[in-house]
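Chains as they are written, first to last, in this note's numbering: chain H, 3 to 523; chain P, 446 to 1129. A virtual CB, placed ideally from N, CA and C, is assigned to each residue, including glycine. To start, the structure itself, in structure tokens.
The following block contains the structure:
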């Protein structure tokens, strides 16, 4: 199977592109063939992911399935891809969610109806997302990272809600702004490092060697902005509610489930291992913004009347937990962060699906107009309740494992990051869980409990049906399975995370030593 | 069986899934699955209890060790974190109580919930409720306890809001969830600290209960850390076990079906807090320095709760609310007992209270089911029911006497043991608090019995006795309410042999713990004087209640005559205004002005900056085009100006929303870039 190991990642990344090209050879009228081709493409891509899952060595924390070929020698950029325990779950999640997105689209194509273009965009998006998680070269990473913007831009701009143009442009420009600074930071890394290279493995090994400490802080700042906007971290989050509210259901799902993770993944993969010392200096500030995001996002949720916008703001709060875990630079924190990313992908993705289906049935997402969903569509109602419980971090469901270890990690952050500061964050984050219960359960109460309002009293509301069941069941099952036995995921991430945090800790120990000795004297 | 005790929570958990998916198709709509599952769990729990007791026949000097089994759960930093069971006397006793009461509640519900609109769903939730509580009970580590704890909260949310069509019910469910969740902030932090406590003591973190207790008692961990951990966990107990000041959700939780109230108040949910306190007692003992006597926060919270709960029970018209405040007060006894070092007494009181409180709730349900036409209002719809419902009446009175602590019923023995321990452990203040509580308890139960069963029938229904599915559970519980106390009577002393505080370190006899740490507290000597006094006080309570209600003596109508009394009464009727503080001030504030202000900031300040930047750029582009290009540069350097103008124009077009145009540019740019990259690749 050696040939597979060599081809696994290029296939996993570019197969959707092949499928997309195929779509354009199928006449627009032959809708079934178009849908089938798109579905088949995503399934085959996922099959590659499944084989990777079987052939992956879970005990080693190193890169696997690497391909390292010449690409653009002028700038020493190579086509270098590879995955480890940090990227594997996200890559497979991305492949998986794309299948569900295609299935859900089956009879939920948004207006103006154009299945071929819509599905092509999903496939294109998948190329960018998979590529980002596989890339091991900064230029390659950047290309994929930016590439994702385009399909999403069109998805929002063409198939979005009434305010779609504003939302799409805001999304695009905001992210592009961050990317510009990120690119500058990449270039700085290239030019200033001891050995100029874009190779992420090499850069991670150098830990910013050769770059003056003050410059490291600045470069980290550039990376921070690029990733923070993508996450998004407070106060760079304002594109998110607009994009989510306006995007078509599938767009929201992909945005929440995968695209937000590109930013947090960037922190774990690039910012922290490349510049551990700068990460240590920035950590209290990142942690601060993270916990502000938790509380602030929750408060904004409480003020919402639109269900979808509420879920969008809840992402700000949830990504706050992820960022808090990352900011501690500990194995607990980063393991929790990756778990949190996957769990948030499953749960919030599910919530957006449900919100979309509610809108489709009632033509509104105004919570004050809804009510009594449990009497009209009990299954849909209970699924909403289940997702709300998962989202508020109920133990036994996946969301808990993103929150609890993150809170735990904040008790004792790495290096010489202030314990006291992070213990305050720990308490604030724990308080955030109460607010999460608040906005989710009030939402559930308004939408599902009670009796239907007069305007929908006699409306015929059909309960969950075919494609919805097929698209949702895997998500629901995964939320439960990962919640009960979290080691399915921790087993994957832990070796790679431990490897990274050990290296970071070693660098920090060396860097911090002279200072402590001086202080002792 | 004892080695496979993890099956006991698993069976009702499976039952939950089965009822959910197949319940509606079954002959009895899923009830039979639930009853069979909980029945099986009950049998297994009895076997486990028997096996535990059997271990004492040939017990070695070092005592009987807890049975533990664990498996991999998750990992971090290469360290395996396990989940498993720890079965000892405490767990075995709890499993017995939980499964027994749950089984009776199941049977009772087949009659009580007969025509319910969500009968199947109700039984599914009961199964999950039982499973969650059992998970909490068997758990061998604090994190697993946290899981069970939260799931218990979820199930009570589901069941309190069972009739969610009406808003007060769903409000009550949300209130219960939020209030306990507020306490759970303490639990989250407490559980985090248990890990670091063990890490501080041994160098390697762990959530294991025995390891945590040993670390807390071992003296290697800084007292501050233990104190903070104990405080966090105490906050969790306050939330879950309805202690002052977070008790306000418990009376509202009466919105759920009555059998659920019985389950919540006797065997699950609220006793989870007390159970946690007992399981992790090492942390409280050492954090609050319980061995030193005087006053500590845990005992104080318990003591305050005894009184405020009991006082509120006097002003209720709703029979279930009387019982709810009574539960609050009795939970206060248990928490106070833990606070004064009376570990065994606290657990013993939990044990006896479970029977008579379940009995009283199910009795109240029986009254409303067959006597008062689904009302719980004692003043409007009850009275004189003893003639119509003799069995319900007899069992209810047995429960009331047991609760009042009259010799020789169950409540007497357990309450007495708490008081004696408080006395002998130099916690005098709490002895008096306990005695006042005993007086109040006896008096409000007299009032309750009088209003419900004596006088003239005031309702409008046709009262009759309830069917056997309801009365049989009542009699079974009445039996336990009479005899359960004997287990720990002087010269019997079986309960404290099987279940004692050294179980916190995983074995029943730990020489060091028993004789040096807990000694004075665990083996209080029975004190006839104290027992007599407490019974007398309870009798006085009954007598005064009887005089006031039956004999119509005393200051009736005082609230009309005296301004001060009226103010006091209003203060009580408004439940010390705590609900107003929480609902209107705190929750209303967060949900209303604070949330809206945050959102306003988001839309106008933060987003204002973003939009401002966009508009600024747009203006700059226009400026570039209109002013710089047309007026300044134009004519001077034509070529450059044209280029700038083109860019500016594009930019403006984008800002005014010409998406297609923009798309074209972007796709063009990317296409061009790809082409260039490909070219570079090919050429090189």
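For residue 523/P, the neighbours in chain H by C-beta distance under 8 Å run, in chain order, 496, 497 and 500. Identification of chain H residues near residue 649/P by a Cβ-Cβ cut-off of 8 Å yields none; the smallest Cβ-Cβ distance measures about 14 Å. Under a 10 Å Cβ-count criterion, residue 215/H is classified as exposed, with fewer than 16 other Cβ atoms of the shown protein chains found around its own Cβ.
Per the Cβ contact rule, the region 297-304 of chain H is in contact with the region 312-323 of chain H (3 or more Cβ pairs under 8 Å). Within 7 Å of the CB of residue 1039/P, the CB atoms of chain H belong to 301, in sequence order along the chain. The alpha-carbon of residue 935/P is positioned some 34 Å away from that of residue 757/P.
With contacts defined as CB atoms closer than 8 Å, residue 400/H and residue 349/H qualify as a contacting pair. Residue pairing by DSSP places residue 512/P opposite 532/P in a beta bridge. According to the DSSP assignment, residue 73/H belongs to the beta strand (DSSP E) that extends over 66-74. Here residue 4/H is exposed. Its C-beta has fewer than 16 other C-beta atoms within 10 Å. Taken residue by residue, none of the region 738-749 of chain P has a beta-carbon sitting less than 8 Å from a beta-carbon on chain H. Sequence-distant Cβ neighbours of residue 130/H in its own chain, meaning closer than 6 Å and more than five residues away, are 146, 149 and 150.
Exclusion of the five residues before and after residue 286/H leaves 419, 420 and 423 as the residues of its chain whose Cβ lies within less than 7 Å of its Cβ. The Cβ atoms of residue 863/P and residue 818/P lie no closer than 8 Å to each other.
Listed along the chain, the chain P residues whose CB falls inside 7 Å of the CB of residue 492/H are 519, 520 and 521. Look at residue 1020/P here: in three-state DSSP terms it is helix. Residue 517/P sits in a strand when the DSSP states are folded into three classes. Taking the Cα of residue 199/H as reference, the smallest distance to any Cα among 81/H, 265/H, 242/H and 102/H is reached at 81/H.
Interface annotation, residue 429/H: in contact with chain P, CB-CB separation under 8 Å.
Per DSSP, the unbroken beta strand (DSSP E) holding residue 80/H starts and ends at 79-85. At a cut-off of 8 Å between C-beta atoms, residue 609/P counts as an interface residue with respect to chain H. Apart from sequence neighbours up to five positions away, the residues of its chain that approach residue 880/P with a beta-carbon distance below 8 Å are 864, 978, 979 and 982, ordered along the chain. For the C-beta of residue 497/P, not a single chain H residue is nearer than 8 Å; the gap to the nearest is close to 28 Å.
Between the region 469-483 of chain P and the region 550-567 of chain P there are three or more inter-stretch CB-CB distances shorter than 8 Å, so the stretches are counted as touching. About 22 Å separates the beta carbon of residue 269/H from that of residue 488/H, a gap too long to meet the 8 Å contact definition. For residue 294/H, the closest Cβ of chain P is not nearer than 8 Å.
Listed in chain order, the positions of the region 1010-1040 of chain P with a beta carbon within less than 9 Å of a beta carbon of chain H are 1032, 1035, 1036, 1037, 1039 and 1040. Put simply, of 608/P, 1025/P, 516/P and 588/P the residue whose alpha carbon is nearest the alpha carbon of residue 558/P is 608/P. Residue burial annotation: residue 1045/P is exposed, with fewer than 16 other C-beta atoms found within 10 angstroms of its C-beta. Residue environment analysis places residue 493/P among the buried positions, since at least 16 neighbouring C-beta atoms fall within 10 angstroms of its C-beta. By the neighbour-count criterion, in which a residue is buried when 16 or more other Cβ atoms sit within 10 angstroms of its Cβ, residue 197/H is exposed. Nearest neighbour of residue 909/P by Cα position, chosen from 522/P, 814/P and 662/P, turns out to be 814/P.
A residue is called buried once 16 or more other Cβ atoms fall within 10 Å of its Cβ, and residue 624/P is buried on that count. The Cβ-Cβ distance between residue 911/P and residue 837/P falls below 8 Å. In terms of Cα proximity to residue 661/P, the closest of 732/P, 749/P, 915/P and 482/P is 732/P. What residue 413/H touches in chain P, judged by beta-carbon distance under 9 Å, is 634, 637, 638, 640 and 641, going in chain order.
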